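Respectively, the protein sequence lines represent chains E and L.
Each residue of the first sequence is one higher than the one before, counting from 2 in my numbering.
Each residue of the second sequence is one higher than the one before, counting from 2 in my numbering.
Protein chains: 2
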Amino acid sequence: MPKNKSTIYDLARMADVSATTVSAVLSGNWRARRIGEETAQRVLALADKHSFSVNRQASGLRTSRSGLIGMIIPLHDNRFFSGMAQTFEKLARQRHLYPIVVSTLRDTALEVETARTLISYRVESLIVAGATDPDAISAVCRSHGVAHVNVDLPGTKATSVISDNFWGAQQLTEALIAKAKPLRAAARNRPYFVGGLATDYATQRRMEGFSQAVRERLGELRPDQLDACGYEPDLAEAHVAALHERLKGLPSALFVNSTIALEGVVRFLKTLPHEELAACTFGCYDWDPFAGMLAFPLMMVRQNVDGLLEEAFAVLDAGPPREPSVIEIRPILMFGVNPA
Amino acid sequence: MPKNKSTIYDLARMADVSATTVSAVLSGNWRARRIGEETAQRVLALADKHSFSVNRQASGLRTSRSGLIGMIIPLHDNRFFSGMAQTFEKLARQRHLYPIVVSTLRDTALEVETARTLISYRVESLIVAGATDPDAISAVCRSHGVAHVNVDLPGTKATSVISDNFWGAQQLTEALIAKAKPLRAAARNRPYFVGGLATDYATQRRMEGFSQAVRERLGELRPDQLDACGYEPDLAEAHVAALHERLKGLPSALFVNSTIALEGVVRFLKTLPHEELAACTFGCYDWDPFAGMLAFPLMMVRQNVDGLLEEAFAVLDAGPPREPSVIEIRPILMFGVNPA
DNA sequence: GTGAAAGCGCTAACAC
DNA sequence: GTGTTAGCGCTTTCAC
């Protein structure tokens, strides 16, 4: 059995060459150094036999390149962000960078600390997704000259790639209006928006998209049609129940902001008779495969995760921009799924 | 604005002390070196002002400790494994280790390569979750003296912490039998198992648990009650449709192996009238919040992610064992959810 | 074609 | 209380 701890010097001694030669052979640029074919093979064979792996700490220190690229996300345990992590890894590998994904639990202090730590490991660039305070992270990155880009939630100190929430909400709302069955009661005969936080940038833009579509198609928008009651299922459940009580029935169309809120909404809907559900048209800004399997049809808007990250990498590839800008990527409309 | 590139030597010059002092102050063990309170503050202030961060490549090289701990998972984009990543990070941080999670797409070659790369970055230990070939990874880790533990899928060369699939399946099956409404047709009046791969260790154990429960409670088990038709939704859909055709109706109880298979099963169930569903009792080995929101009641078995990882860390904390063993963690029975 | 030597930024003896 | 020095494992001139 081969010994475990070994350096290129050990290898060099065994192969009867110098450490320089071993280094060149192992790093692949030995053709350039015109090292003998036979010598190279000998070294390679020994490295393999002893399952040698170069110490990236040492080589990184020497070359001041770590080969690492980092991504900060709020949570692993979330469809949107875990999808991002998956795509991030793929794109990082394509660029021969080693991907490292860390979650920061929507905690501003942890976000900044994580950025600092990643930088202390000398990541070559950083993707900052869904951070609560992107600009604080930008400050850290800048002072260390680390290239970075915001994704999903925009900042002002670095280029940001975000979902086109306005457009997506507008499209969903228009589709809801087009598909809704007319009801006699005027108060019920209009779409209602529920879920999300009004302090949240994405929710704001979605409400704007919703509002614009309603005004354009129906002429009028009442304030009570918008209810950013928060993301928690329980809150959404209570608010939809209250809406149902107030309107004496479901509205002709319901726009649910996020699958998290949808969870609560569905809990309430399950208490209603099937005919009542059939009279309402449902949409959800967010996507989940299981949401397509509910007892009623549901139009969904799916964020374009691949598109967001491809653009983010393109920004990094392009090098430092003159001015931070905001790039919007359109989401994917999943309206054909699960038709009535 | 502070310059970005700086070393402890730069700081030392500015603070008018030696690099040693800076190092001691920054690494926190300056009380031990009895460095003057005032000196320490001066250094700290400067470090902060220049937003200095120690180069972990250099310190790691010197101390031969990276402060990194790795985890390999098949996919980020999966409820079970993304939950693992979340818990992994929490437990790693508790131990002052920096967590790095990488997915390997159920690709044996990529698994081994990833382990090698993590080792070349000098991770201090490694958690190997759901690997297709845990023993190949063990070989790599061993030859570098890296502590590691398998999770979810067992290996023979390292301690493994896995779900108690036998027990979970047995419990679910017994609950299904207890709750099932008797049907007249004998062929339908028994539970059926669908989904998963017979070559897959977890599925095997679940089938054994299912079989044992059926034999114990009902005396007899027919081969056609088990159908490990694969995980793809399409396959599950087709196989359940075929079962329904064969039995001239749904069986009294259906055990669906995994939420992925469930997706296909539900697609088929949606084509049936509501009364037919009411006559069948459903169980799923796996958990998803949305699955609890389907139109019919569903008993679920949820893997104990926290338990698995806590045990995995306990194994690492305990140091190298004499003999690799397999530790089974019971899943969580979610039978109360969504009652009829 | 290959080797010797210097140095990346840091820490830990060992000095005083 | 603080500084000097050596060396972690690697890559890269430069020399031959």
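Here a beta-carbon is modelled for each residue, glycine too, at the ideal position from N, C-alpha and C.
Owing to the predicted nature of the structure, the values given are computational and were not obtained by experimental measurement.
Coil, strand or helix - residue i by DSSP
i	result
residue 266(L)	helix
residue 97(E)	coil
residue 340(L)	Residue confidence for residue 340(L) is low, a pLDDT of 39 falling below 50, so the modelled location carries little weight; the figure read from the coordinates is stated next. Of the three classes helix, strand and coil, the one that applies to residue 340(L) here is coil, per DSSP.
residue 2(E)	Unreliable placement is indicated for residue 2(E), whose pLDDT of 45 sits below 50; no coordinate value is reported for it.
residue 285(L)	strand
residue 76(E)	coil
residue 297(L)	coil
residue 303(E)	strand
residue 220(L)	coil
residue 136(L)	helix
residue 310(L)	helix
residue 71(E)	strand
residue 148(L)	strand
residue 316(E)	helix
residue 106(E)	coil
residue 198(E)	strand
Under 7 Å from the C-beta of residue i: neighbouring residues of chain E
i	result
residue 101(L)	101
residue 59(L)	62
residue 195(L)	What residue 195(L) touches in chain E: nothing, since even the nearest Cβ is about 16 Å away.
residue 67(L)	58
Endpoints, the alpha helix (DSSP H) within which residue i is located
i	result
residue 245(L)	234-248
residue 46(L)	38-50
residue 193(E)	Careful: residue 193(E) lies outside any alpha helix (DSSP H), inside the beta strand (DSSP E) at 192-195.
residue 113(E)	109-121
residue 20(E)	20-27
residue 33(E)	Per DSSP, residue 33(E) belongs to no alpha helix (DSSP H) and is neither H nor E.
Chain E contact residues for residue i, given Cβ-Cβ distances below 8 Å
i	result
residue 264(L)	290, 291 and 294
residue 90(L)	77, 103 and 104
Test item: CB-CB of residue i and residue j under 8 Å
i	j	result
residue 263(E)	residue 281(E)	no
residue 138(E)	residue 112(E)	yes
residue 167(E)	residue 304(E)	no
residue 12(L)	residue 73(L)	no
residue 327(L)	residue 161(L)	yes
residue 76(L)	residue 106(L)	yes
residue 41(L)	residue 26(L)	yes
residue 195(E)	residue 228(E)	yes
residue 277(L)	residue 308(L)	no
residue 314(L)	residue 154(L)	no
Residues that residue i contacts on chain E, provided the C-beta gap is smaller than 9 Å
i	result
residue 84(L)	77 and 78
residue 152(L)	Within chain E, no residue comes near residue 152(L); the closest Cβ sits about 15 Å away, beyond 9 Å.
Beta-carbon neighbours of residue i, restricted to chain L and to distances below 9 Å
i	result
residue 1(E)	Only positions 2 to 341 of chain E appear in this structure, which leaves residue 1(E) out of reach.
Burial state of residue i (16 or more Cβ within 10 Å)
i	result
residue 67(L)	buried
residue 90(E)	buried
residue 273(E)	exposed
residue 122(E)	buried
residue 30(E)	exposed
residue 2(L)	With a pLDDT of 45 at residue 2(L), under the threshold of 50, the predicted position of this residue should be treated as unreliable, though the coordinate-derived value follows. With fewer than 16 Cβ atoms within 10 Å of its Cβ, residue 2(L) is classed as exposed.
residue 191(L)	buried
residue 1(L)	For residue 1(L) there is no data in the structure shown, the boundaries of chain L being 2 and 341.
residue 63(L)	exposed
residue 341(E)	Low confidence applies here, because residue 341(E) scores a pLDDT of 35, under 50, leaving its location unreliable; read the following figure in that light. Looking at its Cβ environment, which holds fewer than 16 other Cβ atoms inside 10 Å, residue 341(E) is exposed.
residue 200(L)	exposed
residue 65(L)	exposed
residue 10(E)	exposed
residue 245(L)	buried
residue 35(E)	exposed
Under 7 Å by beta carbon: chain L residues contacting residue i
i	result
residue 267(E)	294
residue 118(E)	99
residue 141(E)	52
Element boundaries [beta strand (DSSP E), containing residue i]
i	result
residue 335(E)	333-335
residue 65(L)	Here residue 65(L) belongs to no beta strand (DSSP E), and DSSP marks it neither H nor E.
residue 130(L)	126-130
residue 164(E)	161-164
residue 329(E)	327-330
residue 254(E)	254-258
The ligand GTP heavy atom lying under 7 Å from the CB of residue i
i	result
residue 50(E)	By its list of ligands, the structure shown contains no ligand whatsoever, and the ligand GTP lies outside what it can speak to.
Contacts of residue i in chain L (Cβ-Cβ under 8 Å)
i	result
residue 87(E)	76, 77, 78 and 104
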